[in-house]
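Colleague: Read top to bottom, the protein sequences are chains A and B. If you're matching positions, the first sequence starts at 326 in our numbering and goes up one per residue. If you're matching positions, the second sequence starts at 3 in our numbering and goes up one per residue. C-beta atoms are modelled at their ideal positions from N, C-alpha and C, and glycine is treated no differently.
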Amino acid sequence: MTKIERRAMLKTIGLASFGALSPNLLKGETLREPYSVSEKPITTDILIIGGGTAGTIAAIQAGRAGAKTTLIESGSQLGGTTTTGGVSFPGIFHAWGKQIIGGIGWELVLDSVELNGDKLPDFSKTPERHWKHQVAVNPALYSLLAEEKCTAAAVDVRFYETPTMVEYKEGRWFVESVGKGVKNQISCSQIIDCTGNALITSMAGYDVLREEDTQPGSLVFSMGGYDLKSLDLAKIPKKYHGYLRQNMLESQIRSTGENTSVPYGYVYVKGADSTTAETHTLANQKGRQNLLDLIRDLRGLPGCENIRITNMKTETAVRETYRINGEYKVTKEDYVSGKIFDDSLSYSFYPVDLHRDGKSIYQEFLKPDIVASVPLRALIPKSSRNFLVAGRCVSSDRLANSGLRVQASCMGMGQAAAATAVLAHKNGTTPSDVSVDDIKELLRVHGAIIPGEI
Amino acid sequence: MPFRIESSTTIHTVFRSCLPFALLLCINSCFLSKKAIRYSVEPTFTANNDDQKKKLTSFGDSLFLVEAKDGLPDYYFQQYNTGVCYDNKCRPLSISIYWSVTGRYLGFELPKEEFLSKTDHEPFVPEDYEFLNKLLANPDLPFADIEYYELMDQPSDAVESVDAVSGATSARVSNIVVKGAVYTTYSLWNIVHGRSQEFIQEHTGSIVTTHLIEKILRDSNRSDKVWVLERFPENIEMTSLLLDTIEALIVNSDFHLAYTAIHAIKAPRLNSEAIQEMLFKAYAKSNDPSIKSLIISKLGQAPFLSNGVINVSRSCVDELKGQELVDLLKLLKKHEVKDDQTLQAVENLLSSDNVFIVRQAQKFLKQIQISNE
Ligand SMILES: Cc1cc2nc3c(=O)[nH]c(=O)nc-3n(C[C@H](O)[C@H](O)[C@H](O)COP(=O)(O)OP(=O)(O)OC[C@H]3O[C@@H](n4cnc5c(N)ncnc54)[C@H](O)[C@@H]3O)c2cc1C
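(1) Is there a Cβ from chain B that is less than 8 angstroms from the Cβ of tryptophan 421/A?
(2) Chain B partners of arginine 389/A, CB-CB under 7 angstroms?
(3) With the cut-off set at 8 angstroms, would you say leucine 245/B and methionine 280/B are in Cβ contact?
(4) Would you mind telling me which residues of chain B sit closer than 8 angstroms to leucine 435/A, beta carbon to beta carbon, in chain order?
(5) Tell me the residue span of the beta strand (DSSP E) that contains glutamate 132/B.
(6) Sort Glu603/A, Lys564/A, Lys457/A by Cα distance to valine 592/A and report the nearest one.
(7) So valine 747/A and alanine 387/A are supposed to be a Cβ contact under 8 angstroms. How far apart are they, rounded?
(8) With a 10 Å radius around its C-beta and 16 neighbouring C-beta atoms as the bar for buried, classify serine 709/A as buried or exposed.
(9) By how many angstroms is the C-alpha of glycine 612/A removed from the C-alpha of glycine 405/A?
(10) Who are the neighbours of phenylalanine 674/A on chain B, taking C-beta pairs under 7 angstroms?
(11) Output, in chain order, the set of chain B residues within a Cβ distance shorter than 8 angstroms of alanine 478/A.
(12) Buried or exposed: where does isoleucine 779/A fall if 16 or more other Cβ atoms within 10 Å of its Cβ makes it buried?
(13) Within the present structure, is the beta-carbon of arginine 723/A separated from the nearest heavy atom of ligand 1 by less than 7 angstroms?
(14) Is tyrosine 77/B close to chain A, meaning its C-beta is less than 8 angstroms from at least one C-beta of that chain?
(15) Helix, strand or coil: how does DSSP classify asparagine 509/A here?
(16) So the candidates are Lys136/B, Pro144/B, Val180/B, Tyr185/B; which of them puts its Cα closest to the Cα of tyrosine 151/B?
(17) Mapping the DSSP letters down to three states, classify valine 43/B as helix, strand or coil.
(18) Using a Cβ-Cβ cutoff of less than 8 angstroms, which residues in the same chain neighbour lysine 335/B once the five nearest sequence positions on both sides are dropped?
(19) Do three or more CB pairs link the region 531 to 538 of chain A to the region 624 to 641 of chain A at distances below 8 angstroms?
(20) With a threshold of 8 angstroms on Cβ separation, who are the neighbours of lysine 268/B within its own chain once the five nearest residues in sequence on each side are excluded?
(21) Compute the Euclidean distance between the alpha carbons of lysine 294/B and leucine 272/B, then round it to the nearest angstrom.
(22) Measure from the alpha carbon of serine 721/A to the alpha carbon of each residue in Glu536/A, Gly504/A, Thr639/A, then state which is nearest.
(23) Taking contact to mean at least 3 C-beta pairs separated by less than 8 angstroms, is the region 476 to 492 of chain A in contact with the region 387 to 403 of chain A?
(24) Does any C-beta atom of chain B lie closer than 8 angstroms to the C-beta of glutamine 577/A?
(25) Could you check where the beta strand (DSSP E) with glycine 549/A kicks off and where it finishes?
(26) Residue ranges of each beta strand (DSSP E) run of no fewer than 3 residues wholly in the region 604 to 671 of chain A, ordered along the chain?
(27) Taking DSSP as the reference, what is the three-state secondary structure of serine 760/A?
(28) Going straight from the alpha carbon of threonine 369/A to that of aspartate 518/A, what length do you get?
(29) Round the Cβ separation of glutamate 439/A and glycine 772/A to the nearest angstrom and send it over; I've been treating them as touching at under 8 angstroms.
(30) Can you pull the chain A neighbours of tyrosine 188/B, defined as C-beta to C-beta under 8 angstroms?
(31) Using a C-beta to C-beta distance shorter than 7 angstroms, which residues of chain A count as neighbours of valine 328/B?
(32) List the whole-angstrom C-beta distance separating isoleucine 373/A from alanine 383/A, where the pair is believed to meet the contact cut-off of C-beta under 8 angstroms.
(33) Taking 7 angstroms as the cut-off, is the CB of phenylalanine 418/A close to at least one heavy atom of ligand 1?
(34) Return the residues of the region 450 to 483 of chain A that lie within a Cβ-Cβ distance of less than 7 angstroms from chain B, sorted by chain order.
(35) Could you tell me which residues DSSP puts in a beta bridge with glutamate 383/B?
(36) Can you grab the Cα-Cα spacing for the pair glycine 739/A / threonine 381/A, in whole Å?
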């Protein structure tokens with residue numbers, strides 16, 4: 326029997342009877358029906374694409390506010406850069422002795438800290454280095470807790486999927502989403518693009534921007550098999566010192582604001598771009614090759630002969646790709662002056678922090694008592710309907726973006742975008758028409774901190 | 003473990019092995035000043051002159067604990083009288099350091115007519131003393147992790163022989179030392195935050211009473227409160243005054259104090275209904291969602307839930323949203339609270355227009371039903 330004949334026959338006589346016909350089957354074995362992509366219509370209120378730093382929080386917020394919520398994530402776990410990328414020290418929730426970002430992101434971070442038996446630093450003391458107020462989390466726990474919270478909020482999490490088409494028709498979005506063995510036609514009222522790359526924004530036909538040169542990505546790893554203290558650094562070329570030192574940072578019980586570092590070694594990956602499967606594959610391959618080269622080099626150095634990799638993240642973490650061209654573009658001046666807009670929905674605190682050419686970092690610190698904020702308009706692509714973004718693709722100039730992109734800020738944006746989307750859905754309108762006061766009220770109910778209210 | 007502060011000779015030896023200390027602790031014995039030089043971190047701190055009249059406990063090596071009028075430990079002080087040697091010359095060092103009962107630096111005092119001077123023998127001016135006092139009060143300075151030879155920019159192999167003053171102050175510390183007195187700052191900071199402080203903390207920990215805890219939590223400096231909460235004894239009597247004090251700290255807007263106060267209460271304590279009820283009162287009053295969440299998860303560690311907590315929690319079920327509702331229902335479920343009134347309160351949620359809330363109520367009621375079967 327030819328293959329085609331066999332298929333046709335399977336279709337007509339059904340699986341069970343075919344099992345009986347087949348002479349090669351052992352007892353208990355059945356032949357599976359030939360593979361066909363399952364196609365399913367899905368109707369939802371809010372569709373979030375990207376279950377990373379911002380998207381996870383957005384999904385939980387939307388679900389808790391009572392909206393039917395679907396979350397598409399092309400990877401296999403929640404958390405994105407915070408977990409899969411290995412940047413497991415979200416910051417910054419506190420500035421100048423006060424908490425500035427709360428809500429669901431902070432809840433998730435605090436739960437992770439508690440369940441890991443860690444201790445928070447005393448945030449009332451302003452540290453002499455801003456990053457000391459980042460909170461190290463156990464990435465495994467973080468992703469487990471995120472998933473538990475999504476489940477409790479009845480979020481339909483769809484791993485291994487990615488949209489291939491988005492179309493706006495008569496007040497609703499229609500999205501084709503493809504994954505392993507599935508192809509879904511999703512109809513939704515509101516979309517939140519949390520891919521980090523503004524990919525869905527671009528697919529929807531709205532403008533996205535990027536610089537000719539982008540910041541490098543990083544492949545995060547850790548090493549063992551050497552003792553930093555006993556190395557004779559004079560005999561080791563300077564370019565390796567950073568790798569050897571950085572890797573030895575220890576996660577400690579945090580009793581003061583002074584010790585929140587985690588083991589965090591990384592190799593830079595120039596031009597890393599996670600926007601498409603192809604560019605992300607390339608970023609991963611480059612990162613892995615760079616790491617292999619580094620390990621080989623290190624093993625040739627005195628005292629490092631037994632160096633080995635003890636952990637490597639599965640993906641290269643990406644700092645910068647595309648940003649949306651929003652209803653408002655946050656400028657560096659807005660950022661460093663701590664401008665609060667009428668429609669500011671969340672705070673952001675970090676130095677302007679631009680990794681240049683993989684060799685140096687341009688940093689500009691915020692002056693005392695300055696805290697930047699994110700207006701709703703920066704989350705809405707220009708001329709869009711029923712569409713929001715959250716995360717590092719927020720509409721901003723490059724320098725403002727280098728501060729806005731940090732994790733606590735992304736979480737704050739995720740919550741704000743979701744609260745807006747839920748109200749837009751309930752009112753049958755588009756995000757820019759939702760009353761800002763109503764959004765703020767909903768955010769307050771869910772523990773978020775509103776700019777201007779602390 | 004009996005505590006021994008090194009005798010003068012030991013201290014002397016220690017300093018000798020760190021020769022460049024020498025210039026640093028240069029206490030000049032010229033008689034320039036008539037009044038004793040004294041600096042403290044709190045203007046209200048008044049020590050010394052009448053120490054003789056107060057009850058003192060000595061631990062040897064001039065370390066004393068002074069009792070307050072109410073008989074509670076008040077502060078510690080230590081008089082350092084030693085020699086600091088450099089270039090084969092020894093100079094006397096005489097200074098008293100004061101600590102709170104928690105080992106927090108309170109201040110220092112020089113004997114009458116003595117003063118500190120810099121490496122170039124210039125005496126400290128008032129601004130130098132004030133800055134020094136501020137630096138000594140900062141426990142987060144990195145001096146404990148810095149070797150003395152790292153204070154100056156010079157080759158490390160030259161440390162033992164080179165005149166330490168000749169190098170430039172290392173950039174790493176230049177902003178956290180009194181100008182021209184890098185070693186003085188460094189070594190005094192290490193005295194303040196060294197073994198005596200450790201001993202003080204251990205000793206206070208061993209004699210702490212309910213009254214002392216109440217006093218610290220009510221009246222003291224914030225870091226003393228954190229200190230005592232972080233070491234909260236497991237078997238101390240919890241008076242109602244102490245419970246009120248802890249409740250006030252949890253409700254307080256200072257997150258770290260509230261966070262530390264909740265963590266001060268360990269699981270075995272939670273078989274006390276009074277403690278559970280104090281926690282739940284704080285829950286009702288707190289405006290911080292994360293503090294509320296911590297309280298509920300703390301109550302989840304209790305072996306049972308007091309009726310008082312059940313009654314109040316039932317009455318607030320219908321006001322809760324999001325994670326707060328999830329937390330509270332989880333707590334009631336964990337303690338198998340399934341009386342009619344509670345079930346009614348949860349059933350009322352079924353008419354909410356938020357499907358998330360309805361789902362939480364359904365889940366709770368279903369779990370109760372299963373556990374009944
Ligand atoms: C190396 C490095 C170091 C950093 N250091 C810090 C730091 O110290 N502190 C700090 O706070 N921040 C730091 N950041 C910045 C911060 O981590 C990121 O900017 C932030 O996490 C971005 O969040 P996001 O939600 O926008 O994107 P992500 O967290 O990257 O999430 C995007 C998610 O979308 C998914 N996705 C993408 N495309 C699709 C698709 N087509 N379909 C479905 N799913 C898709 C991805 O799999 C991912 O899960 C660092 C970033 C990097 C890369």
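Modeller: Reading off the structure:
(1) no
(2) Gly324, Phe358
(3) yes
(4) Here the neighbours are Ser292, Ser295, Leu296.
(5) First-last for glutamate 132/B: 128 to 138, but that is the alpha helix (DSSP H), not the beta strand (DSSP E).
(6) Lys564/A
(7) 5 angstroms
(8) buried
(9) 17 angstroms
(10) None at all; the shortest Cβ gap to chain B is about 16 angstroms.
(11) Phe358
(12) exposed
(13) Result no, Cβ not under 7 angstroms from ligand 1.
(14) no
(15) strand
(16) Tyr185/B
(17) coil
(18) Excluding sequence neighbours, lysine 335/B sits near Phe366, Gln369, Ile370.
(19) no
(20) The residues Phe234, Glu236, in chain order, have a CB closer than 8 angstroms to that of lysine 268/B in the same chain once the five nearest residues on each side in sequence are set aside.
(21) Distance between the alpha carbons of lysine 294/B and leucine 272/B is about 17 angstroms.
(22) In this structure, Glu536/A is the residue among Glu536/A, Gly504/A, Thr639/A with its C-alpha nearest to the C-alpha of serine 721/A.
(23) The region 476 to 492 of chain A makes contact with the region 387 to 403 of chain A; the number of CB pairs closer than 8 angstroms reaches 3 or more.
(24) With a pLDDT of 37 at glutamine 577/A, under the threshold of 50, the modelled position of that residue is not reliable, and no figure is offered here.
(25) Counting along the chain, the beta strand (DSSP E) containing glycine 549/A begins and ends at 542 to 549.
(26) 633 to 637
(27) Coil.
(28) Near 15 angstroms, if we compare the C-alpha coordinates of aspartate 518/A and threonine 369/A.
(29) In fact, because the Cβ distance is near 16 angstroms, the residues do not count as touching under 8 angstroms.
(30) Neighbours of tyrosine 188/B across chain A, judged by C-beta separation under 8 angstroms, do not exist; the nearest C-beta is about 18 angstroms away.
(31) Ala477
(32) 5 angstroms
(33) no
(34) Ala477, Ala478, Ala479
(35) No answer is possible for residue 383/B: the residues shown for chain B start at 3 and end at 375.
(36) 8 angstroms
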